[in-house]
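In the UniProt record's numbering, the protein residues as written are 1 to 809.
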C-alpha cells in the first residue's frame, strides 16, 4: 500500500464522532511486498442499516496480532460483495491524498461538500444520513490492541482510530454502523460556543426565562395570526419582506407574536426570534441582537454553522463590532456562500418582538434601518416580523423614505370590539380556577364577568394580570382575591378608560402593592429601585448592597408574584438569579409619582433613600481608618459569604447610581452632604487594582448626568471631567475628578473600544499599585460590572490612563 493511500485510510477512519462500531464481519490480510491497489469491498446498500452488536472491534484470522505476516491466499469475496466502491476501480488523483470532508461536531456536513469526483461512485439509493454513517470513526475505546512496538509512535490526532498504524492490508465485507452518536451543538471553545456567549438566549421564544410566555388564548386573535401566517407563506397580497405590528400598551402584541412563532415553528417556517424586555437586562442588549439571530440560524443550517464557526475561531471580536459590521460579516457574507434554496432559508421568518424595549433609542432605529437596507438590497432571504409600541422615534423611522418602501404595517388598537374574546378568556380561566379549588358552580357570576370585561376596556394585560392576582398562592384564596378586585374600583365609569387605558391598570397595580405588608413593602420598593436605577443589578448585587439574605429577597419578590417572578432554582447562585417582570408597565407605574403616588419608588422615596445611604457612608468614613477593618453602624449584619469590603463597594456603587438617574435632581441638602465626603479616604478603602478583579464601572456619560442633577453651585465641587491637572502627566484624554481641595481625587480612567463607539469609564477602586503618570496597558480584565452571570463575562483589553491619588503629587 502506498504512503498516499495509507494517509487516506488514516484520515478516513480517524473522525471524532463518538461511539461508532465496526462490524466484526471483516477480513484483514496483510502483505509483505508491494501489491496492486487495495480492494475494499462494502456490503450492499440494504446491509448498511443492518444492526450489529456494539462490541469491541475484532478482526478475523490471526493476522490481527501479526501485522507483517504474509497472507497465504488472496482475498475471497463474500456472496454479497457485489458493490465495488471507487477506491479500487477509480484510484484517487495522484496530485495529493484524498481527504474526506471534516465531520464537524455540530452537524454532519452536507453531501455537497464531498469532493465532486466522489459523487459518481456513491450508491444511487444511499441517503445522505446513511452515507454519513459510513464515514464515522470507530471509538478508540473499541479499537483492537496495537502492536507494542508501535507505542513509541507519536499520538497524532490524524492517526488515532480503528486502523491506527495499520498498513498493507485488504478489507472484505466491511459493515460500518453508528451507535449512539452524540452531537454537541456548541462544544466548549468552538465558534458557536463564543456566539452563544454573546447572545440573549433568555429572549428566544421558547426560553425557560419566559415560561410561561404570553400567548393568545384559544379562539382569540385568530384574524391577526392568520394575516401574519399568510404573509409568511406568501399567500397574501402583501409581498413586502418586513411586517410591522404596532399598538399601544397592553393590547397583546407579544401574545400575538408568541402564538405566531409557535404556529410558524410547527410549519417549519420559523427561523429565529427575539423577545425584548426593558425590565429584564438579559433581554434588552442591542449589541447581542445579531449574535442571537445568527446563533439560531446556525442551529438550523449546518452549512451556515460551518462558516460561522470558522469565522469566530479566526476572529472572536466579530461579536463586539458595530451592528452594521456584525450584520454584514456574520449574516450577509456567510449567507452568500451557501445555497439558501437548498438549505430552505428563502422566506423563513425572523420575529423581533418589542423593539421599543431594546436599550437605547438610537440602537432601535439602527436595527430597523439595517434590516430595511437588507430587505431593499435583497442581501438576506428572510421575512422580518417586528412588533412595537408606536413610539415617535420608531414611527418616524418606519415612515422614513429609506424604510417605508419595504415595510407594511398592521395596527393593533385598543378596541372594545374584542370584548367577546376577553369574555371567552375569563370564562375559561375562571373555570380552571373553580375546578382546581373545588368552588361551586356559577362562580363567578355572569354579572361579575361582564363587569371585568367592561373594566378591561380592550386591554389584555389587565385581564391577564387579574387572573395571576386571583390565583396568588400567598392569598386567602381566589374568592377573597376577586372580592378585592371588585371592591377597589366600584365607581369606575364605563368607557372612561377608552381615553386613558392606563387608569384601570394603575388601580390594579395599586391594589397589588397595597396587599403587601407595610414592612415588606418598604423593603420591596428598595429592591425595585435598585433594580430600576441600575438595570444590570442581579440578585447578588441587590442582596449585597441592601444587606439581605437570599430568603428575604425571595419572600419580598413573592409578595408581588402576580406581576413579576424571581428566576430561582436550586442550581442558581445569587448572581444568576434575575427579576423578571411579566410586563414593563408595572415598573413604569412605580417610577411615575403622578400615577403611583405614595407607592412610587421615585420622588420623595428616592430622595429619602439617597439620604439614608449617604448617612451610612459618612458614618463608615468617619470611623474606619483602614480597609482591613471596616466599622459599620451597630446592628449591621452582612449577608452570607459577603465581606465588609464588598458590601462597602456595592453600597457606594448603588448610591452613585441613584445620583446618576436622568431627570431626578439632587436637592441642596443632599448635594451639600455629598461635597463633604472624604473622597481620598473613600478610595483608600476600596479594593486595589488586581487583574481579574470584579470592578464596578461608572461611564463618563453617567458622570455628566450626575453633574446635570447637581445644583449649579455644587457641580465643580463634587465631580468634573477635564484634562489631568497633574504636572507632567502625558495622558491626552479627559479624566474624572471627584471632590475639591484636600479631598480631590483623580480617578482611574478607562478607554474601552466598543465596536465603532468608544466608552470612557472610571472605576471605584484603590489604584495605589497602578504605575503613575503614563498610560498603562492592562489586559484580561473581566468587565462584569455591566452584566453579571457566566454568559455575560467578556474579556476585553483596555487602557488605564490615570489613577486615584492626590493630584498635587
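Glycine is no exception: its CB is placed at the ideal position from the N, C-alpha and C atoms.
| Among the residues of its own chain, which have a CB less than 8 Å from the CB of residue 655, if the five just before and after it don't count? | Only 610, 613, 614, 617 meet the Cβ criterion.
Can you give the beta carbon distance from residue 426 to residue 449, rounded, assuming they're within the 8 Å contact cut?
The Cβ separation is near 6 Å, so the contact holds.
For residue 590 and residue 249, what's the separation of their Cα atoms in angstroms?
So the two alpha carbons sit approximately 16 Å from each other.
Is residue 471 helix, strand or coil by DSSP? Shown here, residue 471 sits in coil according to DSSP, grouped into three states, outside any helix or strand.
message: Can you confirm whether the stretch 536 to 554 touches the stretch 515 to 527 when touching is taken to mean that 3 or more C-beta pairs between the two stretches lie within less than 8 Å?
response: Touching, per the Cβ criterion.
Problem set entry | Strand pairing of residue 272, partner residues [DSSP] | Residue 272 is bridged to 350.
### Close Cβ partners of residue 257 (< 6 Å) along its chain, the five nearest in sequence each way excluded
The residues 351, 353, 387, in chain order, have a CB closer than 6 Å to that of residue 257 in the same chain once the five nearest residues on each side in sequence are set aside.
Count the C-beta pairs between the stretch 262 to 278 and the stretch 292 to 304 that are closer than 8 Å, then say yes if the count reaches three, no if not. Touching, per the Cβ criterion.
Hey, how far is the Cα of residue 278 from the Cα of residue 579? For residue 278 and residue 579, the gap between their C-alpha atoms comes out near 12 Å.
Problem - Stretch-stretch touch, CB-based, cutoff 8 Å, three pairs: the stretch 425 to 444 with the stretch 380 to 394 - result: Cβ pair count under 8 Å is below three, so no.
Q. Taking one C-beta from the stretch 226 to 242 and one from the stretch 190 to 202 each time, how about it: are there three or more such pairs within less than 8 Å?
A. When Cβ pairs closer than 8 Å are counted between the two stretches, the stretch 226 to 242 is seen not to touch the stretch 190 to 202, the count staying below three.
Query - Residues bridged to residue 722 [DSSP beta-bridge criterion] - result: Under DSSP, the beta-bridge partners assigned to residue 722 are 735.
Q.
For a test of the three-state rule: what should DSSP assign to residue 564, helix, strand or coil?
A. Strand, per DSSP.
Sufficient close CB pairs (3 or more, under 8 Å) joining the stretch 540 to 549 to the stretch 639 to 657:
The stretch 540 to 549, when compared against the stretch 639 to 657, does touch it at the 8 Å Cβ threshold.
Exercise for the section: Assuming residue 190 and residue 285 form a contact by the criterion Cβ under 8 Å, report the distance between their Cβ atoms to the nearest whole angstrom. Expected result: In fact, because the Cβ distance is near 22 Å, the residues do not count as touching under 8 Å.
Distance, residue 259 Cα to residue 412 Cα: Spanning the alpha carbons of residue 412 and residue 259 requires a straight line of approximately 15 Å.
With a 10 Å radius around its C-beta and 16 neighbouring C-beta atoms as the bar for buried, classify residue 336 as buried or exposed. The residue in question, residue 336, is exposed, as its Cβ has fewer than 16 Cβ neighbours within 10 Å.
Residue 246: first and last residue of the uninterrupted beta strand (DSSP E) it sits in = Run containing residue 246: 242 to 246, per the beta strand (DSSP E) assignment.
>> Need the endpoints of the alpha helix (DSSP H) that residue 280 sits in, please.
In response: Careful: residue 280 lies outside any alpha helix (DSSP H) and carries neither H nor E.
Taking 6 Å as the limit between beta carbons, can you name the residues of its chain near residue 332, skipping five residues before and five after?
Excluding residues within five positions, the ones whose Cβ falls inside 6 Å are 379.
Residues bridged to residue 387 [DSSP beta-bridge criterion]
In the DSSP secondary-structure assignment, residue 387 is bridged to 245.
Residue environment, residue 276, which counts as buried when at least 16 other CB atoms sit within 10 Å
It counts as buried.
Proximal residues to residue 561 (C-beta, below 7 Å), its chain only, five neighbours per side dropped | Within its own chain, the residues whose Cβ lies closer than 7 Å to the Cβ of residue 561, once the five positions on either side in sequence are excluded, are 472, listed in chain order.
Next on the checklist: For a quick check, are the C-beta atoms of residue 717 and residue 701 less than 8 Å apart?
Outcome noted: Against a cut-off of 8 Å, the Cβ pair of residue 701 and residue 717 comes out as no contact.
How would you call residue 266, buried or exposed, if buried means at least 16 neighbouring beta carbons within 10 angstroms? Looking at its Cβ environment, which holds fewer than 16 other Cβ atoms inside 10 Å, residue 266 is exposed.
I'd like to know if the stretch 705 to 717 and the stretch 654 to 668 are in contact, where contact means that at least 3 CB-CB pairs between them fall below 8 Å. Yes: the two stretches touch, three or more of their Cβ pairs being nearer than 8 Å.
Item to complete: Starting from the N-terminal side, write out each stretch of the beta strand (DSSP E) that is 3 residues or longer and does not extend beyond the stretch 564 to 626.
Response: Unbroken beta strand (DSSP E) runs of no fewer than 3 residues, entirely contained in the stretch 564 to 626, are found at 564 to 567, 578 to 581, following chain order.
For residue 766 versus residue 686, is the C-beta distance shorter than 8 Å?
In this structure, residue 686 lies closer than 8 Å to residue 766 by Cβ.
Notebook entry, point to check: Is the number of C-beta pairs between the stretch 723 to 736 and the stretch 663 to 672 that are closer than 8 Å three or more?
Noted result: Counting Cβ pairs under 8 Å, fewer than three are found: no touch.
Worksheet entry | Backbone CA spacing between residue 636 and residue 738 [nearest angstrom] | Residue 636 and residue 738: Cα-Cα distance of roughly 28 Å.
### Query
What is the DSSP secondary structure of residue 292, counted as helix, strand or coil?
Note: residue 292 maps to helix in three-state DSSP.
Just verifying my parser: in three-state terms, what is the DSSP assignment at residue 758? Here residue 758 scores only 47 on pLDDT, less than 50, and its place in the model should not be relied on; the value that follows carries that caveat. Correct three-state label for residue 758: strand.
Same chain only: Cβ atoms within 6 Å of residue 345, ignoring 5 sequence neighbours per side: Correct list, in chain order: 381.
- Keeping to the same chain, check which residues put their C-beta closer than 8 Å to that of residue 810; ignore five residues upstream and five downstream. Outside the shown range of the chain, which is 1 to 809, sits residue 810, and nothing can be said about it.
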